[in-house]
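Numbering (my numbering), first residue to last: 47 to 472. Backbone N, C-alpha and C fix where the C-beta goes; we use that ideal spot for every residue, glycine too. Below is one structure; the comments refer to it alone.
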Amino acid sequence: MNARAPKGTSDMLPDVGAAWEYLQRTAAALFARYGYAPVYTPLFEHTEVFTRGIGEATDIVSKEMYTFEDKGGRSITLRPEGTASVVRAALEHNLTANGQGTKLYYAGPMFRYERPQKGRMRQFWQIGAEALNMPDPSVDAEVIVMLWRFFETLGIPTSHMRLLLNTMGDEQCRPAYREKVAGFIREHSAELCEECNRREATNPLRAFDCKNPQCREVMAGAPLLRDELCEGCAAHYSAVKDSLDALGVPYVEDPRLVRGLDYYTRTVFEVQVDAGLGSQNAIGGGGRYDRLMEQYGGPPTPGLGFALGFERTLMAMQATGAFVPAATVTQVYVARVDESVSGAAFGVAAALRDSGVATEMDHQSRSLKSQFKQADRLGARMVVVVGPDELSSGQVTLRDMGSKEETRVALGAITAAVRDALSIAE
Ligand SMILES: [Zn+2]
Ligand SMILES: [Zn+2]
Numbered sequence: 047m048n049a050r051a052p053k054g055t056s057d058m059l060p061d062v063g064a065a066w067e068y069l070q071r072t073a074a075a076l077f078a079r080y081g082y083a084p085v086y087t088p089l090f091e092h093t094e095v096f097t098r099g100i101g102e103a104t105d106i107v108s109k110e111m112y113t114f115e116d117k118g119g120r121s122i123t124l125r126p127e128g129t130a131s132v133v134r135a136a137l138e139h140n141l142t143a144n145g146q147g148t149k150l151y152y153a154g155p156m157f158r159y160e161r162p163q164k165g166r167m168r169q170f171w172q173i174g175a176e177a178l179n180m181p182d183p184s185v186d187a188e189v190i191v192m193l194w195r196f197f198e199t200l201g202i203p204t205s206h207m208r209l210l211l212n213t214m215g216d217e218q219c220r221p222a223y224r225e226k227v228a229g230f231i232r233e234h235s236a237e238l239c240e241e242c243n244r245r246e247a248t249n250p251l252r253a254f255d256c257k258n259p260q261c262r263e264v265m266a267g268a269p270l271l272r273d274e275l276c277e278g279c280a281a282h283y284s285a286v287k288d289s290l291d292a293l294g295v296p297y298v299e300d301p302r303l304v305r306g307l308d309y310y311t312r313t314v315f316e317v318q319v320d321a322g323l324g325s326q327n328a329i330g331g332g333g334r335y336d337r338l339m340e341q342y343g344g345p346p347t348p349g350l351g352f353a354l355g356f357e358r359t360l361m362a363m364q365a366t367g368a369f370v371p372a373a374t375v376t377q378v379y380v381a382r383v384d385e386s387v388s389g390a391a392f393g394v395a396a397a398l399r400d401s402g403v404a405t406e407m408d409h410q411s412r413s414l415k416s417q418f419k420q421a422d423r424l425g426a427r428m429v430v431v432v433g434p435d436e437l438s439s440g441q442v443t444l445r446d447m448g449s450k451e452e453t454r455v456a457l458g459a460i461t462a463a464v465r466d467a468l469s470i471a472e
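Here is the structure:
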């Protein structure tokens, strides 16, 4: 058999697994302060949840979905992103019935069939948050602040981050603007790539996203929605900016920021970093999607949210020297001098663990010398040495690995002595 993970996937080994759990813990604690509760939706959905929500003409739906027919003949798709599923779940379970708002967050794997590259995998991990039925611009600012604070909490220096902000308009002002951009693409058809020419008919705004340098140059001259906003969108956008200004959250207006999903309306935003990621430098982003629930046959229900990528966030943390917790932490190692005291050593380790101390011991019949080496490798701050001579007088030896100081401690007092030395409060 082929003992390798499929292309574009990777095993999350302990170091990375610990980092993923750390991000989830950090998110859960921070998001709870903003009133968000966890939601776990299935990893796969009926395909139309994504085709309707994200849009047929988007790259995700047209090229990147893992879609298959299940044994019951249903078209099933592995979720390529989280928002569509969360909105589907909110509709199914009436979470926004009778005008109530709801704030939800999620964490887990997403799947997109893409060419694997640095920071872009076919199975990748995201944390996201969604605020439903909240039309006020204050919640746009709140969500953006929460995302910004999350990266700050992780220790990514703000000097390495950039917050981009834009508005995509709404059904009042966007159609006319889309037409203008489509017209612009037709006028410059010869200078633009094939893909951009195709987009003219399906999704002209995506031409702003083209990676082709010549397309970028041409599109820099295209009309901007900023200048075509309806009154409602203009007021909403300026209120979002006022709230961010009031908190001193630094943002850069980028009139060409269009996120690659059809469902966005009004506010869109993205956080980029300038360290460790090259061109795939967005670590999180999102926007408002006031029409999404209607696409599923629900009542008009505004919403907005963001998703942040685990892999890229971790790369940014590593590149900027942010703290990433170790996979395991061993505080104390219990070493035994010979086999005759194995039972006592096992008992000491168990008592330490029960009292809350991270403890490791030998399970491989190592010599005393190599047990000390192992304790060192694990970074243990202390070693409890259990030997037959000391044990016959009811004692063990406690060795401080830093100062190399050794003290005799009564067997019954070892837990208290270790906790004291580690300064663990009762
Ligand atoms: Zn192009
Ligand atoms: Zn508008």
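Linking Tyr297 to Arg220 through their CA atoms gives a straight-line distance of about 23 Å.
For Leu251, the CB stays at least 7 Å from every heavy atom of ligand 1. If you look at Pro259, you'll find it in the alpha helix (DSSP H) that goes Pro259 to Met265. Per the C-alpha coordinates, the member of Leu150, Thr248, Asp336 and Arg454 positioned closest to Leu437 is Arg454. Within the same chain, and ignoring the five residues on either side of Tyr379 in sequence, the residues whose Cβ sits closer than 6 Å to its Cβ are Glu406, Ala421, Ala426 and Val429. Of the other Cβ atoms in all chains shown, 16 or more fall within 10 Å of the Cβ of Tyr151; this residue is therefore buried. Counting only residues of its own chain and dropping the five nearest sequence neighbours on each side, Leu251 has a CB closer than 7 Å to the CB of Arg224, Val227 and Val304. Of the candidates Thr213, Asp384 and Glu357, the residue whose Cα lies closest to the Cα of Asp300 is Thr213. For the pair Met363 and Cys256, the Cα-to-Cα distance works out to about 28 Å.
Out of Val132, Pro183 and Arg168, the CA that lies nearest to the CA of Pro52 is found in Arg168. Annotation for Ser121: the continuous beta strand (DSSP E) segment containing it runs Ser121 to Leu124. Between Gly99 and Val62, the CB-CB gap reaches or exceeds 8 Å.
For Thr204, DSSP assigns no beta-bridge partner whatsoever.
In this structure, the C-beta of Gly215 approaches ligand 2 to less than 7 Å from one of its heavy atoms.
Nearest in C-alpha terms to Phe170, of all of Gly393, Val383, Leu360 and Ala391, is Leu360.
For the pair Gly278 and Gln218, the Cα-to-Cα distance works out to about 9 Å. In terms of side-chain proximity, the C-beta atom of Cys242 is found no nearer than 7 Å to any non-hydrogen atom of ligand 2. DSSP places Gln420 in the helix class (H, G or I) of the three-state scheme.
Taking the Cα positions, Gln70 is about 42 Å away from Glu385.
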